[in-house]
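Accompanying notes for the structure given below.
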Amino acid sequence: MTTSTVQTSTDSATMTSFDNVIINANLATFSKQYGFDIYSDNQEKSTPYGQLMNAAIGIKDGKIAWVGTHEQIKPHLTHYKNDQIKDVDGNWVTPGLIDCHTHIVYGGNRSNEFEARLQGASYQDIAAQGGGIVSTVSATRAANEEELFAQSEKRLLALIKEGVTSIEIKSGYGLDLESERKMLKVARALGDKHNIHVSTTYLAAHALPPEYKDRADDYIEQVCQWLPILHSEGLVDAVDGFCENIAFTAEQIKRVFEVARSLDLPVKLHSEQLSNIGASALVAEFQGLSSDHLEHLVEDDIKKMAASNTVAVLLPGAFYTLRDTKLPPIEALRKHQVPIAVSTDCNPGTSPLTSLLLAMNMGCTLFYLTTEEVLAGATVHAAQALGLAKKGKIEVGYDADLALWDIARPADLAYQMGLNPIAGIMVQGKWRETV
Ligand SMILES: [Zn+2]
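Remember, the working numbering sits 127 above the position in the sequence shown when you count from 1.
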């Protein structure tokens with residue numbers, strides 16, 4: 128490991144110009160400037176986590192304005208009032224965590240099915256009784272905006288309490304224009320109320336609604352028609368689909384992606400969770416932001432993802448819940464230097480998980496990812512998966528979205544299960560009053 132030094136200005140005018148400062152900190156920057164290079168062939172040359180010890184951060188106008196050593200800022204501290212200085216006493220600061228694949232907005236829940244399955248009911252029994260995704264669609268359609276907001280807010284707060292400052296939220300349980308709109312509006316409103324960044328994703332191509340039984344192409348036609356409407360209302364940041372034997376074909380998803388492209392919207396896809404029917408190849412063809420799940424991904428498609436700069440989003444919570452045994456091709460992803468992100472996939476059926484820290488732990492234990500990979504997967508690579516150019520790193524010019532942790536080493540975040548060591552959360556340069 129080498130210690131990186133980055134030239135930053137330390138003149139008095141700069142050092143006294145910040146709105147607030149964080150001192151006495153150890154930083155996991157995930158910035159190449161500080162030696163973060165998870166794909167380096169020569170690990171001796173890279174600095175794990177891009178870490179900086181005994182460091183300090185200057186924040187101005189919601190941005191990271193300066194990063195340097197504690198010694199550099201020390202002579203200037205008399206310029207600042209006490210409430211502008213956060214002495215973190217040797218604790219660790221990371222970028223605010225980013226959960227880049229969630230379905231947290233939904234009505235009802237499916238604990239009754241969880242219970243029934245454990246008493247011996249099969250998926251077919253449950254489906255015959257109107258269970259499965261159809262029951263979530265019914266409950267989501269039936270809930271009004273306020274009810275949907277109240278139910279989803281609890282899940283969001285659980286994530287925020289673990290240092291999540293940016294989150295992706297998908298539609299996909301409405302499956303008609305009004306209900307998809309309602310979900311996306313709730314997603315936006317959650318971000319506004321709680322002052323965190325929400326990236327919304329249009330996922331009407333998630334499942335076939337009952338009223339379109341045996342008419343998947345007709346439904347896809349509707350999905351294509353609704354997209355420009357919801358986009359014109361400012362509700363859509365990206366477009367997603369479920370490309371599987373049990374959902375939609377690559378040809379059907381391609382029709383939706385072509386509409387997305389005509390609107391300049393980025394795409395992503397639920398890919399290769401249960402089978403390989405060409406999903407990741409399709410995402411790569413459209414230079415998609417991410418391809419997600421990937422248990423059945425093959426090396427040819429990994430090469431295509433590498434060429435299109437598409438992030439591999441791994442979802443160990445779904446793998447765990449489904450008791451899956453087929454691992455995503457981690458070694459091949461590493462070999463081709465495809466950035467790996469890790470997310471909760473919070474959803475009522477296959478991943479009722481509202482802990483990104485636990486998802487990180489599962490990424491290590493179930494998928495054999497390193498602790499550096501899962502932390503990068505919830506910061507810098509998750510930002511890339513959402514197309515967020517100024518989030519996910521501690522670096523000058525980046526948004527001052529930060530999480531402060533009462534830990535001795537970054538690996539503690541992935542190692543512990545059920546202990547939340549959060550000690551402070553900053554969003555756009557302001558500390559949250561309650562964590
Ligand atoms: Zn999902």
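Backbone N, C-alpha and C fix where the C-beta goes; we use that ideal spot for every residue, glycine too. A quick note: this is a predicted structure, and the numbers were derived from the prediction, not measured.
In the structure shown, the three-state DSSP call for S298 is coil.
Distances taken from the Cβ of L442 to the heavy atoms of ligand 1 include one shorter than 8 Å. By a beta-carbon distance limit of 8 Å, A468 does not contact G415. Their separation comes to about 13 Å. Secondary structure at H324: strand, using DSSP grouped into helix, strand and coil. Of the candidates K395, L529 and F241, K395 places its Cα closest to the Cα of I380. For H508, the three-state secondary structure derived from DSSP is helix.
It is roughly 6 Å from the alpha-carbon of V220 to the alpha-carbon of W532.
Under DSSP, the beta-bridge partners assigned to I191 are I186.
L304 sits in a helix when the DSSP states are folded into three classes. Judged by DSSP secondary structure, L154 falls within the beta strand (DSSP E) whose first and last residues are N147 to A155. With fewer than 16 other CB atoms across the displayed protein chains lying within 10 angstroms of its CB, L284 is exposed. Only buried fits S478, as 16 or more other CB atoms lie within 10 angstroms of its CB. The secondary-structure analysis by DSSP pairs T196 across a beta bridge with A182.
Only residues of its own chain outside the window of five on either side were considered, and among them S279, R282, L283, I296 and C473 have a CB closer than 7 Å to the CB of I231, listed in chain order. Proximity of the beta carbon of A445 to ligand 1 is indicated: a heavy atom of the ligand is located closer than 8 Å.
In the three-state reduction of the DSSP assignment, I521 falls in the coil class, being assigned neither a helical nor a strand state. Here the region 531–549 lies against the region 214–228, with 3 or more beta-carbon pairs under 8 Å apart. Distance between C351 and T143, taken at the CA atoms: about 53 Å. When the beta-carbon positions are compared, L154 and I552 stay at least 9 Å from each other.
If you draw a straight line from the Cα of M544 to the Cα of I184, it comes to about 29 Å. D364 sits close to P393, with the two beta carbons spaced by under 9 Å. In this structure S298 is buried. Its beta-carbon is surrounded by 16 or more other beta-carbon atoms within 10 angstroms. V438 and A512 have their alpha carbons spaced roughly 6 Å apart. For F375, there is no enclosing alpha helix (DSSP H), as DSSP gives it neither H nor E. In this structure, the beta-carbon distance from Q246 to V148 does not fall below 9 Å. Taking C-beta atoms as the reference points, L442 and S470 count as a pair closer than 9 Å. In this structure, DSSP gives H420 an extended state, which the three-state scheme calls strand. Of the residues assessed, A140 falls on the exposed side of the cut-off, its CB having fewer than 16 other CB atoms within 10 angstroms.
When rounded, the separation of the alpha-carbon atoms in N372 and V425 is 17 Å. Excluding its 5 nearest sequence neighbours in each direction, A411 has C-beta neighbours in its own chain below 8 Å: S418, D428, K431, M432, A434, S435 and T437, listed in chain order.
Contact between L362 and L311 holds, with the beta-carbon distance rounding to 4 Å and staying under 8 Å. Sixteen is the threshold: when 16 or more other Cβ atoms of the shown chains lie within 10 Å of the Cβ of A486, as they do, the residue is buried. Following the DSSP letters along the chain, one finds L390 in no alpha helix (DSSP H), marked with neither H nor E. At a threshold of 8 Å, H230 counts as near ligand 1, since its beta carbon sits closer than that to one of the ligand's heavy atoms. Proximity to E399 across Q349, V440 and A243 peaks at V440, based on C-alpha coordinates. P355 places its beta carbon 9 Å or farther from that of Y346.
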